[in-house]
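Worksheet: one structure, shown below.
Protein chains: 2
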Amino acid sequence: MSLRHAILTALLERPSSGLDLTRRFDRSIRFFWSATHQQVYRELAKLESEGLVRTVPQPPSRGSRKEYEVLDNGRDDLLAWVGQSEGPKPIRDPLLVRLRAAAALAQGRESMLAEMRLHRAEHQRQLDEYLEIADRDFKKDDLDEAGQMRGLILKAGIGLEEFWISWLEDAIADISVMSDVSTERS
Amino acid sequence: MSLRHAILTALLERPSSGLDLTRRFDRSIRFFWSATHQQVYRELAKLESEGLVRTVPQPPSRGSRKEYEVLDNGRDDLLAWVGQSEGPKPIRDPLLVRLRAAAALAQGRESMLAEMRLHRAEHQRQLDEYLEIADRDFKKDDLDEAGQMRGLILKAGIGLEEFWISWLEDAIADISVMSDVSTERS
DNA sequence: TATGTCATGTAACAAGTTACATGATTAT
DNA sequence: ATAATCATGTAACTTGTTACATGACATA
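So the protein lines, in turn, are chains A and B.
Those letters in the first sequence? Residues 1 to 186, by UniProt numbering.
Those letters in the second sequence? Residues 1 to 186, by UniProt numbering.
In structure tokens form, the structure reads like this:
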């Protein structure tokens, strides 16, 4: 149910259309949740049919755009969900599965190294983006409590990117050495 | 396709029954992928119907148990998948969604703190378990390359648990202060 | 024979992915 | 008018979750 509540949260912060939401999921929401436009539209339709959000009766501007806002029911639903407990979800990382598969096969180290370098570059790009946001929006001392909490969430995103970059550095170095050894052997 | 390839990898490392696999997903595989027994059985049936694995013709022992092993087709499929590129997946963390929701609602900080303390304890428990495995299985100098690679993956698991513990410490401290302030105000 | 637990499964649903389809507005 | 792009959507499929069902063996 996280998608639906991520959407309710985003709409509570600012009423938006489906495409707006999709864009926000690609920017300011990206460091804790992501969603494609298909997911967003499907969930918005469901939320509306259940009476948790409504389309603001607005003059349709571009491409018959629909602006959504949260109703009291939606706010209540979100508050109830915030009070629930889930516990941490276990890791599910395709890159690590690939690495373990390459280990089991004793093959494919070169392509693993290429993939890991790509991941490193991607994480670096993402980190830079987050650092820019942190610098622009979260540097001030006059943040209200909601702002401080959003800052904490961004900090998690930054920390995770930093962790992956540092782990990838180590792993690439270690595996490169292995590859050299087995190359020498042949 | 990660589940299927995680299963192929696990079976390649050691032929197993569905329940064995499920248990391995709860232990040695847990630090990079997880799966329930329903997922495992469903995927095993599919893999068998596609001719990537087979049940070893064995005398049924307990509860008519079925032992699976990887066929050449399965090995080829896994090798092809290892060569593919995916790029990192964006974060999807329900805890961070909850936190952002609590910020937007300006409510529910006490239950957030409780949830975060629970996460901290869970991550600590998981970390201890991983450290024990590292100590028991990955301390030696005579690891082969596959062993070293499995060690790297475990290191990622350890690093992530450490990251979350440290982030949760900070966040709990910060939010506790906020709560105090708003309590004083009332 | 009844009780537990080992082992495999079904069913229904929720969530995420991928590919494609369609209408409305804007700029050339 | 036509091309770009803005905006909303359908369809089909894969993956993950939750609750329940069934049979085999072990032992008290």
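Even for Gly, the Cβ is constructed at its ideal location relative to N, Cα and C.
Proximal residues to residue i (C-beta, below 7 Å), its chain only, five neighbours per side dropped
i, result
"V82/B", "none"
"I153/A", "F31, F32"
"D15/B", "Reading off the sequence shown, one finds Pro at residue 15/B, where the question assumed Asp. Closer than 7 Å at Cβ, skipping near neighbours: V56, E67, Y68, E69."
"G151/A", "F138, L143"
"E43/A", "L3, R4, I7"
Counterpart residues of residue i in DSSP-defined beta bridges
i, result
"R54/B", "E69/B"
"S176/B", "DSSP output for S176/B lists no bridge partner at all."
"D16/A", "Per the sequence presented here, residue 16/A reads as Ser, with Asp not at that position. According to DSSP, S16/A bridges with Y68/A."
Cβ-based neighbour list, residue i, same chain, cut-off 8 Å, excluding 5 preceding and 5 following
i, result
"I175/B", "R109, M112, L113, M116"
"Q39/A", "L3"
"A101/B", "G108"
Own chain, CB closer than 6 Å to residue i, minus 5 neighbours either side, in chain order
i, result
"G51/B", "N73"
"L47/B", "V53"
Through-space distance from residue j to residue i, alpha-carbon basis
i, j, result
"R24/A", "R30/A", "8 Å"
"A80/B", "V70/A", "47 Å"
"R54/A", "A104/B", "19 Å"
"L21/A", "A10/B", "40 Å"
"Q124/A", "E162/A", "8 Å"
"A134/A", "S28/A", "11 Å"
"V97/A", "W167/B", "26 Å"
"D137/A", "W33/A", "19 Å"
"A35/A", "K140/B", "43 Å"
"E13/A", "R92/B", "19 Å"
"P88/A", "A121/A", "28 Å"
"K66/A", "H5/A", "19 Å"
"D77/B", "M149/A", "45 Å"
"Y41/A", "L118/A", "31 Å"
"A45/A", "I7/A", "12 Å"
"A146/A", "I172/B", "15 Å"
"residue 190/B", "G18/A", "Because chain B in this structure spans residues 1 to 186, residue 190/B falls outside the shown range and cannot be described."
"R75/A", "R75/B", "51 Å"
"A156/B", "D128/A", "22 Å"
"L99/B", "Y130/B", "27 Å"
"D26/B", "E86/A", "18 Å"
"H37/A", "E169/A", "34 Å"
"P94/A", "D144/B", "23 Å"
"S186/A", "Q126/A", "Because the pLDDT at S186/A is just 48, under 50, the model does not fix this residue reliably, and the value given afterwards should be weighed accordingly. Taking the straight line from one Cα to the other gives about 39 Å."
For this session: Could I get the ranges of all uninterrupted beta strand (DSSP E) runs contained in the region 85-111 of chain A, with 3 residues as the minimum, in chain order?
Result: none
Problem set entry | Near-chain B residues of the region 91-102 of chain A - C-beta to any C-beta below 8 Å | I91, R92, D93, P94, L95, L96, V97, R98, L99, R100, A101, A102
Exercise. Name the residues in the region 6-31 of chain B whose C-beta lies less than 7 Å from a C-beta of chain A; which are they?
Worked result: A6, T9, L12, E13, R30, F31
For this session: Identify each residue in the region 69-91 of chain A for which the Cβ-Cβ distance to at least one residue of chain B is less than 9 Å, and report them in chain order.
Result: R75, L78, L79, W81, V82, G83, Q84, S85, E86, G87, P88, K89, P90, I91
Problem set entry | the region 121-139 of chain B: positions lying closer than 7 Å to chain A by Cβ | E122, H123
Exercise. Taking Cβ-Cβ distances below 7 Å as the criterion, which residues of the region 35-67 of chain A are in contact with chain B?
Worked result: none
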